[in-house]
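Read the structure below first, then the notes.
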């Protein structure tokens, strides 16, 4: 017999856990990770804390699972589109990244902060998400690769600068979402995409 | 009667406090901020903990003062040289920055980590140091300014991208000091200096 989240929908255990995680990610959009508690989830989901402990061993496990899901969402929504010129496709991934940061600002910045601050669980998930985003630049089929569009080989110096470009995008997008000043979204996307060839050694 | 640090040199109280801070900064080069204790300072300086509490109210105050000094050192050693072309002077500041990170790796990365992780004291000092480094790009006399050398106005979008470039430099330099792979120091400096015009809108 399946117990239901919010009492309305019958679901499998995996489905219910997933639904709770989605709620956790939504809660994270307006709260930092440190503010996310089992009590809050129980209240928002309309279920008992006891039920939640069936799915998550403890608060740390719950937060880790929520961050894992948030990172997977980020990787998924920014997946490159299949068609188009490499730099155009890069700009579209950046567009999706900006939307993600806009829609999940508190949760995303608390992940960045937690990872940078030395929380090992968060750092691991964060590094994995960032690696997934930047590795696409290297790992796509050769005919589609941004690198090949720029006539660049895959060398340590290129990897190092792509890592730097990724840091720059993170800082610029977070600053811009916090306060866009007079900078339009289109201007932002154009600058970030153009910055990749701009920071790489000449091809 | 002046008591002496290490018993060898007679100094003013300000001089002694400064000497203790210098020792603190040296200790930070191989230790993270969290590992820096009053006991460690007392042992290294060869003085009593009681004397140290004459200069620093508590451990937090001591760590804050050491970070303050480390940030001031960073700002000082990377001060632009007075003569030369703007981009050449930028490259020389970057060179000093790389040396600073090499020589103070543990302390510097623990400052970055602490600031990013939400320690408000550290964040304030860190932001101030970073602002001092990037503001130079905007605030030097017009004839010397990198911006003018690039024919760029001081606009919100330029400020946003300079902030991003600064994040990129931090990430790239920390990664490179941790593991240079096959990238030479000269190659690194050339790339970082060239990346500033590379990320800015066309002049």
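Chains as they are written, first to last, in this note's numbering: chain A, 68 to 270; chain B, 68 to 270.
Quick reminder that beta carbons are idealized off the backbone N, C-alpha and C, glycines included.
1. Does the Cβ-Cβ distance between residue 173 of chain B and residue 95 of chain B come in under 8 Å?
2. I want to verify the contact list: residues of chain B whose CB lies under 9 Å from the CB of residue 254 of chain A, in sequence order.
3. Taking CB distances under 8 Å as the criterion, tell me whether residue 265 of chain B reaches chain A.
4. Nearest-angstrom Cα distance between residue 222 of chain A and residue 196 of chain A?
5. If you drop the 5 nearest sequence neighbours on each side, which residues of the same chain put their C-beta closer than 7 Å to that of residue 235 of chain B?
6. Where do the N-terminal and C-terminal ends of the alpha helix (DSSP H) with residue 78 of chain A fall, by residue?
7. On the criterion of 16 or more Cβ atoms from any shown chain inside 10 Å, does residue 179 of chain A qualify as buried, or is it exposed?
8. When DSSP labels each residue in this structure, what does residue 183 of chain A get in the three-state scheme?
9. Closer than 8 Å by beta-carbon distance: list the chain B residues that pair up with residue 202 of chain A, in chain order.
10. Counting only the same chain and skipping the five closest in sequence on each side, list residues whose C-beta sits under 8 Å from that of residue 119 of chain A.
11. Along the alpha helix (DSSP H) that carries residue 233 of chain B, what are the first and last residues, could you check?
12. Taking 8 Å as the threshold (beta carbon to beta carbon), is residue 70 of chain A in contact with chain B?
13. For a contact meaning CB atoms closer than 7 Å, what does residue 185 of chain B contact in chain A?
14. Is the CB-CB distance between residue 182 of chain B and residue 189 of chain B below 8 Å?
15. Spatial neighbours of residue 251 of chain B within its chain, please: C-beta separation below 8 Å, excluding the five flanking residues on both sides.
16. Measure from the C-beta of residue 98 of chain B to each C-beta in chain A and report whether the shortest distance is under 8 Å.
17. With distances taken Cα to Cα, identify the nearest neighbour of residue 254 of chain B among A:266, A:256, A:253.
18. Express the C-alpha separation of residue 85 of chain B and residue 70 of chain B in angstroms, rounding to a whole number.
19. Could you name the residues of the same chain whose beta carbon sits closer than 6 Å to that of residue 123 of chain A, not counting the 5 residues immediately before and after it, in chain order?
20. Give me the chain B residues within the contact set of residue 135 of chain A, using Cβ-Cβ distance strictly less than 7 Å, ordered along the chain.
21. Can you tell which of B:204, B:146, B:134, B:239 has the C-alpha that lies nearest to the C-alpha of residue 191 of chain B?
Quick look at the numbers:
1. As a position in the second chain, residue 173 of chain B is number 106, starting the count at 1. As a position in the second chain, residue 95 of chain B is number 28, starting the count at 1. In contact: residue 173 of chain B and residue 95 of chain B (Cβ atoms closer than 8 Å).
2. By 1-based counting over the first chain, the position of residue 254 of chain A is 187. Residues of chain B passing the Cβ test: 224, 268.
3. Reading the second chain from its first residue, position 198 is the one you call residue 265 of chain B. With 8 Å as the cut-off, residue 265 of chain B counts as an interface residue toward chain A.
4. The residue labelled residue 222 of chain A in the question sits at position 155 within the first chain. The residue labelled residue 196 of chain A in the question sits at position 129 within the first chain. One C-alpha to the other measures close to 21 Å.
5. Position 168 of the second chain, counting from 1, holds the residue named residue 235 of chain B. Result list for residue 235 of chain B: 262, in chain order.
6. Your numbering for residue 78 of chain A matches position 11 in the first chain. No alpha helix (DSSP H) holds residue 78 of chain A; DSSP gives it neither H nor E.
7. Locating residue 179 of chain A in the first chain gives position 112, where the first residue counts as 1. When all chains shown are included, residue 179 of chain A counts as buried.
8. On the first chain, residue 183 of chain A is found 116 positions in, with the first residue counted as 1. Correct three-state label for residue 183 of chain A: helix.
9. Taking the first chain and counting its residues from 1, the one referred to as residue 202 of chain A is at position 135. Those within 8 Å of residue 202 of chain A in chain B number zero; the least Cβ separation is about 15 Å.
10. On the first chain, position 52 is the one that residue 119 of chain A refers to. Around residue 119 of chain A: 87, 105, 108, 109, 112, 129.
11. One-based indexing of the second chain puts residue 233 of chain B at position 166. 223-245 is the extent of the alpha helix (DSSP H) around residue 233 of chain B.
12. Locating residue 70 of chain A in the first chain gives position 3, counting from the first residue. Reliability fails at residue 70 of chain A, whose pLDDT of 45 lies under 50, so the model's placement of it is uncertain and the value that follows must be treated cautiously. Closer than 8 Å: no.
13. By 1-based counting over the second chain, the position of residue 185 of chain B is 118. The contacting residues are 180, 184.
14. Here residue 182 of chain B corresponds to residue number 115 of the second chain, with the count starting at 1. Here residue 189 of chain B corresponds to residue number 122 of the second chain, with the count starting at 1. Yes. Within cutoff.
15. The residue labelled residue 251 of chain B in the question sits at position 184 within the second chain. None.
16. For the purposes of this step, residue 98 of chain B is identified with residue 31 of the second chain, where counting begins at 1. It does not: the Cβ of residue 98 of chain B has no partner Cβ on chain A nearer than 8 Å.
17. Here residue 254 of chain B corresponds to residue number 187 of the second chain, with the count starting at 1. The option with the nearest alpha carbon to residue 254 of chain B is A:266.
18. Position 3 of the second chain holds residue 70 of chain B. Position 18 of the second chain holds residue 85 of chain B. The pLDDT assigned to residue 70 of chain B is 46, lower than 50, so where the model puts this residue is not dependable; a value taken from the coordinates is nonetheless given after this. Residue 70 of chain B and residue 85 of chain B: Cα-Cα distance of roughly 14 Å.
19. Here the question's residue 123 of chain A lines up with position 56 in the first chain. Excluding positions up to five away in sequence, the list reads 129.
20. For the purposes of this step, residue 135 of chain A is taken as residue 68 along the first chain, with counting starting at 1. Near residue 135 of chain A there are no residues of chain B at all, since even the closest Cβ is about 20 Å away, more than 7 Å.
21. As a working mapping, residue 191 of chain B is identified with position 124 in the second chain. It is B:134 whose Cα lies nearest to the Cα of residue 191 of chain B.
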